[in-house]
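> Below you will find the structure I want to go over with you.
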Ligand code: M6R
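In this note's numbering, the protein residues as written are 852 to 1455.
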């Protein structure tokens, strides 16, 4: 949830770190810091966003060519300057993502040290320092020995003035990428901070340590045995991680959806042959045919994508049952895995700690695991047996939008490829192919009406409570719409099955609430309308988002024109994405980096 960056080479490290931290700020933004090593070490830390740190950098510039930096999302200890990274203990400067679970025990053993922060990271710095003080111990030896004593997760980057020409990095459960350029080495927890410098990178694996000097990297394991590392190409470019004239990443990413969706579908939907194909599943036709149970495991928006896709898959694969599981729950509960099960893990970042833990559990049980992942090269993408990259491109705004649309589509492709193997009627495939064909255009038509949706948002921006509701495929759509509004606007919002309202929530209907109802002309129109009427009857403020042309009695009706019969939720969802965006802007919120959140949730 935090960001790590490091640099060693001919450039001014402070500037490289500053730019890197700006690019990583979406991963955590309550404090930030850098240290550079020259004749002296210059450690600068600030509470708040990277902009606060930048001011300090301007006041204390250095020309040093080596340094490490960090942007933090607080776990142990409040956001404050003493709790910000890098932590300095003895000869060690350390930045850390993850959680050291046994830090209290370790702290007790490190009696000689006085601690200035409440963090687990400072304890790890002290532990490394205590080992580094021994004769003939190099920085990498001390790091390896310390990490053997640690329980928990980490991505770390360490420097010392005693060895001012190297950065030692290591990972377990928290990503670290080492970019290898000409005479320079750049370290980051996310490719976004690397690609301005190089596209050649080593993705460290759990239990690996890298000793980085300018333009050179040596990798070893915790037993200090050398490992040969593979240098891979990062496929992203700088343009993809910039706002390109938009006010916020969120609106850029919402607007990109017709294109990102086409990327998801490209090469996988073969219209001429009425065929769907996926190269990366690594499952034979026979194995696909044998599947009877699917666990879909994810968190947040990705879990709503899973729930939405499941409605369709269980419809066209009538011998398959699907269990949707929120990863943070599944990982600690008892559950049974029937024979002929597979598990699908859905994640934009591919680094979500809870999702990853469930993946490890399923692998330990011998279940075939597939990934629906956006971030290429991420941990989940590497750990699964097969899967589908959704190819939505980098998603920087904390609120997930384009990833959702692509995740649902990619899950549907997996389901349909399975159904193909099971002998689904070609006309069903044809119908989905036609809908996929029309979907980007229909989404574009909604995006073109952004001004109208901005005006609707203006009408509802001052409420403090909202309920989103829908039935069938529009129930997960309602939950996703509610999450989007909640996290960007801070309006208290719940997503509900429309039929559930009268089992409790209708008691909330009053002048301080508004209700958003998703209604599909082709699915349960009258049923959902009756729920709208019930709310109207109690003086509720209802906004309907629909593809219907029928008369609808509601305070506000946003109608979209749609030829789709099946994939309507993905179009209606774009209306609620824009609605959430414009309300957040109208309320003056930090749209891309909402309070208390971070993009990639790498702690549980
Ligand atoms: O990277 P992931 O898709 O695994 O992330 C899952 C959730 O943390 C994420 O969808 C989160 O709920 C977003 N803030 C929603 O907009």
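All C-beta atoms, glycine included, are put in the ideal place defined by N, C-alpha and C.
#1: May I ask you to list the residues that DSSP assigns as paired with residue 945?
#2: Can you confirm whether the stretch 1167–1183 touches the stretch 1258–1271 when touching is taken to mean that 3 or more C-beta pairs between the two stretches lie within less than 8 Å?
#3: Which residues bound the beta strand (DSSP E) around residue 1368?
#4: For residue 927 and residue 969, I'd like the C-alpha separation in whole angstroms.
#5: Assuming residue 1003 contacts residue 1057 (C-beta within less than 8 Å), just tell me the rounded distance between them.
#6: Nearest CA to the CA of residue 1361: which residue from 1337, 1392, 1341, 1243?
#7: What does the shell around the ligand M6R hold, if a residue joins when its beta-carbon is under 5 Å from any heavy atom?
#8: Return the CA-CA distance between residue 1006 and residue 1346, expressed in angstroms with no decimal places.
#9: With H, G and I counted as helix, E and B as strand and the rest as coil, what does DSSP make of residue 956?
#10: Take residue 1332 and list the residues in its own chain whose beta-carbon comes closer than 6 Å to its own, dropping the five residues that flank it on each side.
#11: Of all the options 1151, 1159, 1251, which has the alpha carbon lying nearest to the alpha carbon of residue 1204?
#12: Determine the direct distance from the alpha carbon of residue 855 to that of residue 1124, and round the result to whole angstroms.
#13: Per DSSP, what kind of secondary structure is residue 1134 in: helix, strand or coil?
#14: Would you identify the three-state DSSP class for residue 1350, choosing helix, strand or coil?
#15: Which one of 1214, 1340, 1242, 1185 has the shortest CA to CA distance from residue 1199?
#16: Quick one: is residue 1095 buried, meaning 16 or more other Cβ sit within 10 Å of its Cβ, or exposed?
#17: Considering only residues of the same chain and omitting the five flanking positions on each side of residue 1202, which have a CB-CB separation below 6 Å?
#18: Given a cut-off of 9 Å on the beta-carbon distance, is the pair residue 1290 and residue 1423 in contact?
#19: Quick check on residue 842: buried or exposed, where buried means 16 or more other Cβ atoms within 10 Å of its Cβ?
#20: Among 971, 887, 895, 904, whose alpha-carbon lies nearest the alpha-carbon of residue 925?
#21: Cutting at 6 Å between CB atoms, please list the residues of its own chain near residue 866, excluding the five before and the five after it.
#22: Give me the residue from 1442, 1245, 1176 with the minimum Cα distance to residue 1213.
#23: Which residues does DSSP pair with residue 852 in a beta bridge?
#24: Whose C-alpha, out of 915, 942, 881, 892, is nearest the C-alpha of residue 981?
#25: Hey, out of 1358, 1307, 1369, 1410, whose CA is closest to residue 1388's CA?
#26: To the nearest angstrom, report how far apart residue 1443 and residue 1449 are at their CA atoms.
#27: At which residues does the alpha helix (DSSP H) containing residue 1206 begin and terminate?
#28: Nearest to residue 1147 by alpha carbon, out of 1135, 1141, 1140, 1160?
#29: Determine which residues share a DSSP beta bridge with residue 1314 and list them.
#30: Please determine if the stretch 1336–1350 and the stretch 1292–1299 are in contact, where contact requires at least 3 C-beta pairs separated by less than 8 Å.
#31: Just curious, the alpha helix (DSSP H) that residue 1102 is in, first and last residue?
#32: Run through the stretch 1022–1066 for me and flag every whole beta strand (DSSP E) of 3 or more residues, listed as ranges in chain order.
#33: Identify, in the order they occur along the chain, each residue of the same chain with its Cβ nearer than 7 Å to the Cβ of residue 1308, setting aside the five sequence neighbours on each side.
#34: Roughly how many whole angstroms lie between the Cα atoms of residue 976 and residue 1019?
#35: Give every residue of the same chain whose Cβ lies closer than 6 Å to the Cβ of residue 1251, excluding the five residues on either side of it in the sequence, and list them in chain order.
#36: Can you tell me whether residue 1089 is buried or exposed, with buried defined as 16 or more other CB within 10 angstroms of its CB?
With the structure as the only source:
#1: BP columns for residue 945 point to 938, 1009.
#2: The stretch 1258–1271 is in contact with the stretch 1167–1183.
#3: Run containing residue 1368: 1364–1370, per the beta strand (DSSP E) assignment.
#4: The alpha-carbon separation between residue 927 and residue 969 amounts to approximately 6 Å.
#5: A Cβ-Cβ distance of about 12 Å is found for the pair residue 1003 and residue 1057, leaving them out of contact under the 8 Å criterion.
#6: Comparing alpha carbon positions, the residue from 1337, 1392, 1341, 1243 closest to residue 1361 is 1392.
#7: For the ligand M6R, the residues with a Cβ under 5 Å from any of its heavy atoms are, in chain order, 1150, 1151, 1152, 1153, 1198, 1199, 1200, 1203, 1250, 1251, 1452.
#8: Distance from the CA atom of residue 1006 to the CA atom of residue 1346, rounded to whole angstroms, is 35 Å.
#9: For residue 956, the secondary structure class from DSSP, reduced to helix, strand or coil, is helix.
#10: If you ignore the 5 residues before and after residue 1332, its C-beta comes within less than 6 Å of the C-beta of 1319, 1427, all in its own chain and listed in chain order.
#11: Per the C-alpha coordinates, the member of 1151, 1159, 1251 positioned closest to residue 1204 is 1151.
#12: If I take the Cα positions, the gap works out to 47 Å.
#13: The answer is coil: DSSP assigns residue 1134 none of H, G, I, E or B.
#14: Reduced to three states, the DSSP call for residue 1350 is helix.
#15: Cα-wise, what sits closest to residue 1199 is 1242.
#16: Burial call: exposed.
#17: In chain order, 1026, 1229, 1230, 1451, 1453 place their CB closer than 6 Å to the CB of residue 1202, counting only its own chain and leaving out the 5 sequence neighbours on each side.
#18: For the 9 Å CB-CB criterion, residue 1290 and residue 1423 do not form a contact.
#19: The chain is shown only over 852 to 1455; residue 842 falls outside these bounds and no answer can be derived.
#20: Looking at the Cα atoms, 971 is the closest of the given residues.
#21: Hits under 6 Å: none found.
#22: Check the Cα spacing between residue 1213 and each of 1442, 1245, 1176: the tightest is with 1176.
#23: For residue 852, which the question treats as bridged, DSSP gives no partner whatsoever.
#24: The candidate whose alpha carbon is nearest that of residue 981 is 942.
#25: Taking each of 1358, 1307, 1369, 1410 in turn and checking the Cα distance to residue 1388, the smallest one comes out for 1358.
#26: Roughly 10 Å between the two C-alpha positions.
#27: Here the alpha helix (DSSP H) through residue 1206 covers 1204–1215.
#28: Nearest to residue 1147 by C-alpha distance, out of 1135, 1141, 1140, 1160, is 1160.
#29: Listed as beta-bridge partners of residue 1314 by DSSP are no residues whatsoever.
#30: By the criterion of at least three beta-carbon pairs nearer than 8 Å, the stretch 1336–1350 is not in contact with the stretch 1292–1299.
#31: Residue 1102: member of the alpha helix (DSSP H) spanning 1100–1106, first to last residue.
#32: Here the runs fully enclosed are 1028–1031, 1036–1039, 1051–1054, 1059–1064.
#33: Answer for residue 1308: 1430, 1433, 1434, 1437, listed in chain order.
#34: Near 13 Å, if we compare the C-alpha coordinates of residue 1019 and residue 976.
#35: Taking C-beta separations shorter than 6 Å and ignoring five residues to either side along the sequence, the partners of residue 1251 in its chain run 1152, 1199, following chain order.
#36: It counts as exposed.
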